[in-house]
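For the sequence shown, position 361 matches number 360 in the working numbering, and the numbering has no gaps at all.
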Amino acid sequence: MIGATTSGELRAHNRVRLLRAVHDCGATRTRSQLTRDLGLARGTASVLVAGLAEDALLHEEPAPGHARGRPTQVPGPHPHGPVALAVDVREDAWELAACELGGRVTVLAVRPHDGTPQGTLGPLGEAVTEHARRLGHRMAGVGVALAGPISHGGLVDIAHLGWRSVDVPALLGDPGAPVFVGNDTALAALAEARRGKLRGVRVGVHLHVDFDLGGVLVVDGHAVPGASGTGAEFGHMRIGASERPCPCGAIGCWGMDVGANALLRLAGLAYGGGRGREQAERVLATSEEAVTATARALGRGIAALVNAHDPEVVVLSGHGVELRERAGEALLAACEPGLMAIRRDHPPRIEGSALGWRGSLLGAMESVFDALLTTEGLELWRKSQPDQACDTPDRQSVTHSTLDGESAP
0 MIGATTSGEL RAHNRVRLLR AVHDCGATRT RSQLTRDLGL ARGTASVLVA GLAEDALLHE
60 EPAPGHARGR PTQVPGPHPH GPVALAVDVR EDAWELAACE LGGRVTVLAV RPHDGTPQGT
120 LGPLGEAVTE HARRLGHRMA GVGVALAGPI SHGGLVDIAH LGWRSVDVPA LLGDPGAPVF
180 VGNDTALAAL AEARRGKLRG VRVGVHLHVD FDLGGVLVVD GHAVPGASGT GAEFGHMRIG
240 ASERPCPCGA IGCWGMDVGA NALLRLAGLA YGGGRGREQA ERVLATSEEA VTATARALGR
300 GIAALVNAHD PEVVVLSGHG VELRERAGEA LLAACEPGLM AIRRDHPPRI EGSALGWRGS
360 LLGAMESVFD ALLTTEGLEL WRKSQPDQAC DTPDRQSVTH STLDGESAP
């Protein structure tokens, strides 16, 4: 009995390892490559793949470009396999996508909203429920990224929209599957650690620039959440001599000087309330003075973070990518004087995100698959499947696509 139990536990463990490897590589590696990477025997890998196909989790297709002989198989998402709904809720709009194992993404809807909790999350909940009903048993869960600190599993504060302890799951309604709510910067960092510039990095810093700035320390592929789970708020550190009040309640927050709101203010335009994205993008494209000032503010803060955390790399996403591209010299010139001498000798790389604006959406996806790709999650999936599930190449419910080539790097 003990031997049988041990054998069963090992098989369950290897099922998770194999599925995780397929997911993390974007479903691009052959069975033989995965077998070697995971240290599995060929016979063991064959049995695992067959079992995962029976459970509607994997489906194999010939490797692209294979010419002669026995075709090399690439394990990927099953046509009736799990789908995560992922949502990126920004201050002025939300985006909803369906994501399969491996990270292939189909955008389902993009909608502006009025900035109120009900006006934002009510229509979003209706869209999520509609698509969850269409997906049926394939529905694995919903991941939601929001631009504010998250506490107690789903309460969000978005200061510049006036949101205070908004119960996100309650306003979304019940989609019939688990809902995972997270901070957009922390989720973008998670995606970057799985599929971007933070992959394989032991200590890194991720900074996401939108209307203002969010940032988080990433250690061994995980964003450091803080004692109460409300980390990812580097933008609310006081850096510089500003006395400008921040909607969060603090004075002189760094994020007030970095992002779309800062660009609008520097251009003499109205800002705040999560509005003015198009005007800010025009300022970013045309005003060298505003861009340079914002890049300098970004560089000063990066120096403080490098001194504090000693990261290997600092990754910028959102508008941070454009600031680095358009005013990289000003950014570095502002950063270097603030570095300790020991940091200046070997400064970390400052790089633009490999995922562009998609990091938060992909991180929301990862939050769903992180729950599914466990022994318990796979057992629940197996029990929820209809008896007629079979391994067939007939695609249903989701049309495969990628978003500007960024969803499956």
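All C-beta atoms, glycine included, are put in the ideal place defined by N, C-alpha and C.
Distance from the Cα of residue 212 is smallest, within the candidate group 73, 235, 222, 193, for 235. DSSP, reduced to helix, strand and coil, places residue 15 within a helical segment of the structure shown. Between the region 100–112 and the region 143–158, the count of C-beta pairs closer than 8 Å stays below three; the two stretches do not touch. Taking C-beta separations shorter than 8 Å and ignoring five residues to either side along the sequence, the partners of residue 80 in its chain run 55, 56, 57, 58, 99, 100, 137, following chain order. Of all C-beta pairs linking the region 331–343 to the region 294–301, three or more are shorter than 8 Å, placing the two stretches in contact. With three or more CB-CB distances shorter than 8 Å, the region 343–362 counts as touching the region 189–197. Rounded to whole angstroms, residue 218 and residue 204 show a C-alpha spacing of 9 Å. By the neighbour-count definition (other C-beta atoms within 10 Å, threshold 16), residue 36 is an exposed residue.
If only uninterrupted alpha helix (DSSP H) runs of at least 4 residues are considered, those enclosed by the region 278–318 are 287–308. Taking C-alpha positions only, residue 133 is separated from residue 107 by approximately 12 Å. Judged by beta-carbon spacing, residue 317 lies within the 8 Å limit of residue 208, meaning their Cβ atoms are closer than that value. Per DSSP, residue 193 is one residue of the alpha helix (DSSP H) stretching across 183–194. When DSSP states are grouped into helix, strand and coil, residue 54 belongs to the coil group. Closest in C-alpha terms to residue 8, from the list 382, 381, 200, 375, comes 375. A residue is called buried once 16 or more other Cβ atoms fall within 10 Å of its Cβ, and residue 306, having fewer, is exposed.
In the structure shown, residue 241 adopts coil according to DSSP, grouped into three states. Straight through space, the alpha carbons of residue 143 and residue 291 are spaced by roughly 33 Å. With a 10 Å radius around the Cβ and a threshold of 16 neighbouring Cβ atoms, residue 76 comes out buried. Per DSSP, residue 32 is not a residue of any beta strand (DSSP E); the alpha helix (DSSP H) it occupies stretches across 30–37. Sequence-distant Cβ neighbours of residue 249 in its own chain, meaning closer than 8 Å and more than five residues away, are 235, 237. By the Cβ test, the region 183–193 is not in contact with the region 116–132, since fewer than three Cβ pairs between them sit closer than 8 Å.
Going by beta carbons, residue 104 and residue 92 fall outside the 8 Å limit.
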